[in-house]
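To start, the structure itself, in C-alpha cells.
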Amino acid sequence: MAASKLQAFWNHPAGPKTIHFWAPTFKWGISIANVADFAKPPEMISYPQQVGRFSCQLILFLTSVYHQFMYNVVVLTLMYDV
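Using numbering that gives the first Met the number 0, you'd call the opening residue of the sequence shown number 0 and step up by one each time.
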C-alpha cells in the first residue's frame, strides 16, 4: 500500500522529478531557516541568506505590482473607450 502511494507520488506530473516540486521546497526551507534565525543573536545571522531572501521577495513584489499596474492601465483604457 505504502509502496504504491510512494510510486504514484514519484511518478506524478508535479512530483519530485520536476522543478515545480523542488522550487517551493527550497523556498519553504529558506523561510524555515529565517524563522530559526529569530532565536540567534544578531552577530550570528547569515547576511547572504537574508540578502538572497530579500532579493527574491523584492523581485516577486515588483513583478506583481507591474502586472497589477498594467491590468489597471488596460481596464482604464477600455473604460475610456466606452
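Cβ atoms here follow ideal geometry from the backbone N, Cα and C, with glycine treated the same way. The structure displayed is predicted, hence computed values, not measured ones.
Alpha-carbon spacing of residue i relative to residue j, whole angstroms
i: A7; j: T24; result: 19 Å
i: F11; j: A22; result: For the sequence presented, residue 11 should be read as His rather than Phe. Taking the straight line joining both Cα atoms gives about 16 Å.
i: F20; j: I31; result: 17 Å
i: I29; j: R52; result: 8 Å
i: F37; j: A1; result: 37 Å
i: M78; j: V72; result: 10 Å
i: F68; j: P47; result: 31 Å
i: F60; j: K26; result: 15 Å
Closer than 7 Å: residue i CB and nearest the ligand HEM heavy atom
i: F53; result: In the structure shown, the ligand HEM is absent, as is every other ligand, since no ligand is present at all.
Boundaries (first-last residue) of the alpha helix (DSSP H) holding residue i
i: I44; result: Segment: none, I44 is in no alpha helix (DSSP H) and carries neither H nor E.
i: H11; result: Taken as a continuous stretch (DSSP letters only), H11 belongs to no alpha helix (DSSP H), as it is neither H nor E.
i: A32; result: 18-35
Cut-off 6 Å between Cβ atoms - residues of its own chain near residue i, not counting five sequence neighbours on either side
i: S45; result: none
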